[in-house]
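K.L.:
There are 4 protein chains.
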Amino acid sequence: MIQVYVTGGTFDKEYNYISGSLFFRDTHLPSMFERGRCTLDVNIKTLMMIDSMEMMEEDREIIAYNCQRCPYDKILITHGTDKVVETAQFLAGRNIEGKTIVLTGAMIPYAFGTSSDGFFNLGSALAFVQTLQPGVYVSMNGRYFHWDNVVKNKKTGFFEELNN
Amino acid sequence: MIQVYVTGGTFDKEYNYISGSLFFRDTHLPSMFERGRCTLDVNIKTLMMIDSMEMMEEDREIIAYNCQRCPYDKILITHGTDKVVETAQFLAGRNIEGKTIVLTGAMIPYAFGTSSDGFFNLGSALAFVQTLQPGVYVSMNGRYFHWDNVVKNKKTGFFEELNN
Amino acid sequence: MIQVYVTGGTFDKEYNYISGSLFFRDTHLPSMFERGRCTLDVNIKTLMMIDSMEMMEEDREIIAYNCQRCPYDKILITHGTDKVVETAQFLAGRNIEGKTIVLTGAMIPYAFGTSSDGFFNLGSALAFVQTLQPGVYVSMNGRYFHWDNVVKNKKTGFFEELNN
Amino acid sequence: MIQVYVTGGTFDKEYNYISGSLFFRDTHLPSMFERGRCTLDVNIKTLMMIDSMEMMEEDREIIAYNCQRCPYDKILITHGTDKVVETAQFLAGRNIEGKTIVLTGAMIPYAFGTSSDGFFNLGSALAFVQTLQPGVYVSMNGRYFHWDNVVKNKKTGFFEELNN
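Same order as they appear, the protein sequences are chains P, X, A and V. The first sequence begins at 1 in the UniProt record's numbering and counts up one residue at a time. The second sequence begins at 1 in the UniProt record's numbering and counts up one residue at a time. The third sequence begins at 1 in the UniProt record's numbering and counts up one residue at a time. The fourth sequence begins at 1 in the UniProt record's numbering and counts up one residue at a time.
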């Protein structure tokens, strides 16, 4: 069984055609797993639906608490990309033993159709969570990064290792 | 560096609006990696563009030859799903040492937009090829299978382990 | 009120991922009108779901019968493009008085996402049926054609006037 | 020949994945006509690329000037929906003789894939501009409205007649 925690982020944003701004409705994760014809046992739980720029200490506590209590040792978390590294660091600080935690996100909302990277990122993160050693990782751009060796390049939107 | 070999399959099929049938044009792999915002070094080579139902011994020889000669130890192969298990078995029979070979495909052409599983499968296969031990694998439905323990269920279109 | 008769055609075809061939399930018309945010009173009725190559005299009788009995004077018909001209001629031969009948179709199935012309064609046909004088027309390629002055160019897939 | 004037609006907006906001790049109109397999002679000219909330007197002057100088009598204008009625009124005030002017827009950007109404609206507007009497019209929701009898319902996003 793989535990999936939804926290929001660009991944799950939608376009509000009245206001012209982005907002959250339900997560797209279940329909994405279906479209991906995924046959793994996946348990999806929406912890929150927020922009990661608005994620605060108490939100990260909720995520950490759920990761600790989770009976499964493979955890995939969808998250806004702006602050995903901070959440990865927070989770690593909790020393959650024996669990592989992979955080991923998207640069373009899944709801925006054939331009979004979200579906690809979900496929990657799902594979990494099954194969990586216990620890906390960020998965983006087809790669995985250790929580203590990753930064989002704010200009390009790509994730990079610190020492490269 | 990750070597990607394109062999065709549903993954890369397109709709011919004159004849109403499916056909191959160029592979979509480069644009898929771009859309996935992939920052890995990926070398894409189209070995053939065929339906796996038409794949013959000599075609598999070409694939095996390229896998053997390939200077990189991570190889991702796109392939028609109907005969992907046969090709995996063929490659395993060649005892290609020290290389991780992951074959993947799609049930619905990538060109058919937001219904296709191809983009998700590519993300998964790309992650598996980076993390699995040397050997030959098939990646579908969010999972990976060892070449000698997988079968495509022709009725459902899902891949299953032999002994489950 | 605008009457919409669905007869099938490429417009409504879908991809069967088990057999790899195209087939019909339910029509996409209702969801297309919703996505187009259409506020016209539209009555949608599926008369048949067939490829126009398989359309026979008795099928055209059903279409003609429904057009004659229809209480509304604006009728939009979705149809396979290969034989849409033949059906237009058949309907014109019935001298249905005082009704504007517009037939349209698609070269690429609506279900194939952002490559299909179907959504555009529906928008055009819907506008033409509201504004053209009584008579029988074919609407394709952003244009309308009188039933007795149109032919499908089988090589290019475009509709053309006979005398141009 | 049909003259198409692009002025921006939601129709042509795109998602900026760095800032998370919407912006304008090039218009999608040419690729939309191609995808619609349109065979009409269409002349596309981008007058401006702005949100209609930012459209000012001088912008409307540019649009009116171009409509007056245009050698063709069928003019289609893409426009933001929030202020499209105001621009229609402005153009009607100029008494441009003998020309059919149809303004249209979209509630969801064309770039957002299979959720956008833009492609349908373009098909409708293109048909209306070919068939309506000279005058100024707004085309949305599958319908056309006279410039002096239309209002956008800000709550629902639908266009309505004033006296209904």
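All C-beta atoms in this analysis are idealised placements derived from N, C-alpha and C, irrespective of residue type, glycine included.
#1: Can a CB atom of chain X be found closer than 8 Å to the CB of Tyr-17(A)?
#2: Between which two residues does the alpha helix (DSSP H) carrying Glu-34(X) extend?
#3: Quick check on Leu-132(X) - is its C-beta less than 8 Å from some C-beta in chain P?
#4: Less than 8 Å between the C-beta atoms of Thr-100(P) and Gln-133(P), yes or no?
#5: Using a Cβ-Cβ cut-off of 8 Å, state whether Phe-24(P) counts as contacting chain V.
#6: By Cβ distance below 7 Å, which residues in the same chain neighbour Val-84(X) in space, the five residues on each side in sequence not counted?
#7: Suppose you measure from the CA of Phe-11(A) to the CA of Leu-76(A); what does that come to, to the nearest Å?
#8: Beta-carbon separation of Leu-47(X) and Asn-16(X) under 8 Å?
#9: Output the distance between the C-alpha atoms of Met-49(V) and Tyr-5(V), rounded to the nearest integer angstrom.
#10: Please classify Lys-154(P): is it buried, with 16 or more other beta-carbons within 10 angstroms of its beta-carbon, or exposed?
#11: If you draw a straight line from the C-alpha of His-146(A) to the C-alpha of Glu-57(A), how long is it?
#12: Are the CB atoms of Ser-124(V) and Ser-124(A) within a distance shorter than 8 Å?
#13: Does Gly-113(V) have its Cβ less than 8 Å from a Cβ in chain P?
#14: Run the CB neighbour count on Phe-112(A), radius 10 Å, all protein chains shown included, and call it buried at 16 or more, exposed below.
#15: Helix or strand or just coil, what does DSSP make of Asn-66(V)?
#16: Quick check: the Cα distance between Asn-141(A) and Ile-2(V), rounded to an integer number of angstroms?
#17: Here's the rule I'm using: 16 or more other beta-carbon atoms within 10 Å means buried, otherwise exposed. How should Asn-163(X) be labelled?
#18: Looking at Ala-127(P): is its Cβ nearer than 8 Å to the Cβ of Arg-94(P)?
#19: Does DSSP put Gly-8(V) in a helix, a strand or coil?
#20: Since Arg-69(P) and Met-107(X) should fall inside the 8 Å C-beta cutoff, what is the C-beta to C-beta distance between them, to a whole number of angstroms?
#21: For Pro-30(P), collect the residues of the same chain with a Cβ closer than 7 Å to its Cβ; drop the 5 residues on either side in sequence, then sort them by chain order.
#22: So, with DSSP's three-state summary, where would you put Gln-3(X)?
#23: Please list, in chain order, the chain X residues whose beta carbon lies closer than 9 Å to that of residue 172(A).
#24: Does the separation of the CB atoms of Arg-60(A) and Phe-90(A) fall below 8 Å?
#25: Within a Cβ cutoff of 7 Å, which residues of the same chain sit near Gly-157(V), ignoring the five residues on either side of it in sequence?
#26: What are the residues that DSSP puts in a beta bridge with Asn-43(X)?
#27: Helix or strand or just coil, what does DSSP make of Gly-93(X)?
#28: Which residues does DSSP list as the beta-bridge partners of Phe-145(V)?
#29: Looking only at DSSP bridge pairs, what is Leu-76(X) linked to?
#30: The beta strand (DSSP E) with Phe-158(A) in it runs from where to where?
#31: Under three-state DSSP, which class holds Leu-122(X)?
#32: How big is the Cα-Cα spacing for Glu-54(P) and Gly-135(P)?
#33: What is the rounded straight-line gap between the Cα of Tyr-144(V) and the Cα of Val-151(A)?
#34: Report the partner residues of Tyr-15(P) according to the DSSP bridge assignment.
#35: Does the beta carbon of residue 165(X) sit closer than 8 Å to a beta carbon anywhere in chain A?
P.N.:
According to the structure shown:
#1: Numbered from its first residue, the third sequence carries residue 17(A) at position 17. Using a Cβ-Cβ cut-off of 8 Å, Tyr-17(A) counts as an interface residue toward chain X, since at least one Cβ of chain X sits closer than that to its own.
#2: Locating residue 34(X) in the second sequence gives position 34, where the first residue counts as 1. 29-35 is the span of the alpha helix (DSSP H), which, as asked, contains Glu-34(X).
#3: Indexing the second sequence from 1 puts residue 132(X) at position 132. It does; some Cβ of chain P falls within 8 Å.
#4: As a working mapping, residue 100(P) is identified with position 100 in the first sequence. As a working mapping, residue 133(P) is identified with position 133 in the first sequence. In contact: Thr-100(P) and Gln-133(P) (Cβ atoms closer than 8 Å).
#5: In the first sequence, counting from the first residue as 1, residue 24(P) sits at position 24. No, because no Cβ of chain V sits closer than 8 Å to the Cβ of Phe-24(P).
#6: As a position in the second sequence, residue 84(X) is number 84, starting the count at 1. These residues qualify, in order along the chain: Ser-52, Leu-103, Gly-105, Val-138.
#7: If you number the third sequence from 1, residue 11(A) lands on position 11. If you number the third sequence from 1, residue 76(A) lands on position 76. Leu-76(A) has its alpha-carbon roughly 14 Å from the corresponding atom of Phe-11(A).
#8: Reading the second sequence from its first residue, position 47 is the one you call residue 47(X). Reading the second sequence from its first residue, position 16 is the one you call residue 16(X). Cβ atoms of Leu-47(X) and Asn-16(X): not closer than 8 Å.
#9: Translated into the one-based positions of the fourth sequence, residue 49(V) becomes position 49. Translated into the one-based positions of the fourth sequence, residue 5(V) becomes position 5. The alpha-carbon atoms of Met-49(V) and Tyr-5(V) are separated by roughly 11 Å.
#10: Reading the first sequence from its first residue, position 154 is the one you call residue 154(P). Its Cβ having fewer than 16 others within 10 Å, Lys-154(P) is exposed.
#11: For this step, residue 146(A) is matched to residue 146 along the third sequence. For this step, residue 57(A) is matched to residue 57 along the third sequence. Straight-line Cα distance between these residues: approximately 21 Å.
#12: Position 124 of the third sequence, counted from the first residue, corresponds to residue 124(A). Position 124 of the fourth sequence, counted from the first residue, corresponds to residue 124(V). Yes, these two residues count as a Cβ contact at 8 Å.
#13: In the fourth sequence, the residue the question calls residue 113(V) occupies position 113. Interface criterion met: the Cβ of Gly-113(V) is under 8 Å from a Cβ in chain P.
#14: By one-based count along the third sequence, residue 112(A) stands at place 112. Looking at its Cβ environment, which holds 16 or more other Cβ atoms inside 10 Å, Phe-112(A) is buried.
#15: On the fourth sequence, position 66 is the one that residue 66(V) refers to. Secondary structure of Asn-66(V) (DSSP, three-state): helix.
#16: Position 141 of the third sequence, counting from 1, holds the residue named residue 141(A). Position 2 of the fourth sequence, counting from 1, holds the residue named residue 2(V). Going by C-alpha positions, Asn-141(A) is about 14 Å away from Ile-2(V).
#17: Residue numbering aside, residue 163(X) sits at position 163 when the second sequence is read from its first letter. If you draw a 10 Å sphere on the C-beta of Asn-163(X), you find fewer than 16 other C-beta atoms in it, and that means exposed.
#18: Taking the first sequence and counting its residues from 1, the one referred to as residue 127(P) is at position 127. Taking the first sequence and counting its residues from 1, the one referred to as residue 94(P) is at position 94. Taking 8 Å as the Cβ cut-off, Ala-127(P) and Arg-94(P) do not qualify as a contacting pair.
#19: Counting from one through the fourth sequence, the residue named residue 8(V) turns up at place 8. Strand.
#20: Along the first sequence, read from residue 1 onward, the residue named residue 69(P) stands at position 69. Along the second sequence, read from residue 1 onward, the residue named residue 107(X) stands at position 107. Cβ atoms of Arg-69(P) and Met-107(X) stay farther apart than 8 Å, at about 36 Å.
#21: Taking the first residue of the first sequence as 1, we reach residue 30(P) at position 30. So the list reads Ile-44, once near-sequence residues are dropped.
#22: By one-based count along the second sequence, residue 3(X) stands at place 3. If DSSP states are grouped into helix, strand and coil, Gln-3(X) belongs with the strands.
#23: Because chain A is modelled from 1 through 164, residue 172(A) falls outside the range shown and cannot be assessed.
#24: Working through the third sequence from its first residue, we reach residue 60(A) at position 60. Working through the third sequence from its first residue, we reach residue 90(A) at position 90. Yes, Cβ-Cβ distance for Arg-60(A) and Phe-90(A) is below 8 Å.
#25: As a working note, residue 157(V) is residue 157 in the fourth sequence. Result list for Gly-157(V): Met-107, in chain order.
#26: Numbered from its first residue, the second sequence carries residue 43(X) at position 43. In the DSSP output, where bridge partners are listed per residue, Asn-43(X) has Gln-3(X).
#27: Locating residue 93(X) in the second sequence gives position 93, where the first residue counts as 1. Judged by DSSP in its simplified three-state form, Gly-93(X) adopts coil rather than helix or strand.
#28: Position 145 of the fourth sequence holds residue 145(V). Note: Phe-145(V) sits in a beta bridge opposite Val-138(V).
#29: Numbered from its first residue, the second sequence carries residue 76(X) at position 76. Leu-76(X) has Val-4(X), Val-102(X) as its beta-bridge partners, per DSSP.
#30: The residue you call residue 158(A) lines up with position 158 of the third sequence. Segment: none, Phe-158(A) is in no beta strand (DSSP E) and carries neither H nor E.
#31: Along the second sequence, read from residue 1 onward, the residue named residue 122(X) stands at position 122. Leu-122(X): helix per DSSP, three-state reduction.
#32: For the purposes of this step, residue 54(P) is identified with residue 54 of the first sequence, where counting begins at 1. For the purposes of this step, residue 135(P) is identified with residue 135 of the first sequence, where counting begins at 1. Going from the Cα of Glu-54(P) to the Cα of Gly-135(P) covers about 25 Å.
#33: Position 144 of the fourth sequence, counted from the first residue, corresponds to residue 144(V). Position 151 of the third sequence, counted from the first residue, corresponds to residue 151(A). Rounded to the nearest angstrom, the two C-alpha atoms are 29 Å apart.
#34: For this step, residue 15(P) is matched to residue 15 along the first sequence. Note: Tyr-15(P) is bridge-paired with Leu-22(P) in the DSSP secondary-structure output.
#35: Summary: the structure shown does not reach residue 165(X), with chain X confined to residues 1 through 164, and so no result is reported for it.
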